[in-house]
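Here the working numbering is used: the first residue of the sequence shown is 133, the next is one more, and so on.
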Amino acid sequence: MANTFKLKTKPSLTTSLAAYYTVPSSTTAVVLGISLANITSGSVTADVLVVSDTSDTETNANTYLGKGLPIPAGGTLEIMQGNKLVLQTTDAIQAKASATSSVDLLISVMEIT
């Protein structure tokens, strides 16, 4: 098995939830960090949703990592705080901001193939 570290970035989130990272086929991903940076001079909020798209027998449902997360003007929020999140093939991370073009998103992952 190969481990590949990746950084996925999305400048200027929109106000609608959209997928910014989806686990490729035949891959397991370990999310190492998710950062949200407020690039404006006013306070904003952001939502981060994990979309579980697995066919495992356990109960899997879409779950928010954070909803309405406050990010002060010019500030950065690290929502993983050292924790890890394991995602399976086709699981995804979606995000949105309270104001268009106000939040940049960075996702650090290790993909295991």
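Backbone N, C-alpha and C define an ideal beta-carbon position, used for all residues, glycine too.
If you're wondering where the values come from, they're calculated on a predicted model, not measured in any experiment.
Hey, out of Leu-181, Leu-139 and Ala-178, whose CA is closest to Gly-165's CA? As a first step, residue 165 is located in the sequence shown; it is residue number 33 there, counting from the start. In terms of Cα proximity to Gly-165, the closest of Leu-181, Leu-139 and Ala-178 is Leu-139.
Using DSSP with H/G/I as helix, E/B as strand and the rest coil, what is Pro-107? Since the first residue shown for the chain is 133 and the last is 245, residue 107 is missing from the structure and cannot be characterised.
Backbone secondary structure at Gly-165 - three-state DSSP: As a first step, residue 165 is located in the sequence shown; it is residue number 33 there, counting from the start. Here Gly-165 carries a strand assignment [DSSP, helix/strand/coil].
Can you give me the C-alpha to C-alpha distance between Lys-142 and Ser-233, rounded to a whole angstrom? Locating residue 142 in the sequence shown gives position 10, where the first residue counts as 1. Locating residue 233 in the sequence shown gives position 101, where the first residue counts as 1. Linking Lys-142 to Ser-233 through their CA atoms gives a straight-line distance of about 10 Å.
Residue span of the beta strand (DSSP E) that contains Ser-240, given as start and end: Here the question's residue 240 lines up with position 108 in the sequence shown. From DSSP, the beta strand (DSSP E) with Ser-240 extends over 235 to 244.
Just checking my contact of Ile-203 with Leu-209 at CB under 8 Å: how many whole Å lie between their CB atoms? Looking up residue 203 in the sequence shown gives position 71. Looking up residue 209 in the sequence shown gives position 77. About 5 Å; that satisfies the 8 Å criterion.
Rounded straight-line distance, which links the Cα of Asn-215 to that of Thr-245: Within the sequence shown, numbered from 1, the residue matching residue 245 stands at position 113. Within the sequence shown, numbered from 1, the residue matching residue 215 stands at position 83. Spanning the two alpha carbons is a distance of roughly 21 Å.
So Val-182 and Asn-194 are in contact, right, with Cβ under 8 Å, and what is the actual spacing, rounded? Residue mapping note: residue 182 aligns to position 50 of the sequence shown, counting from 1. Residue mapping note: residue 194 aligns to position 62 of the sequence shown, counting from 1. Confirmed, Cβ separation roughly 7 Å.
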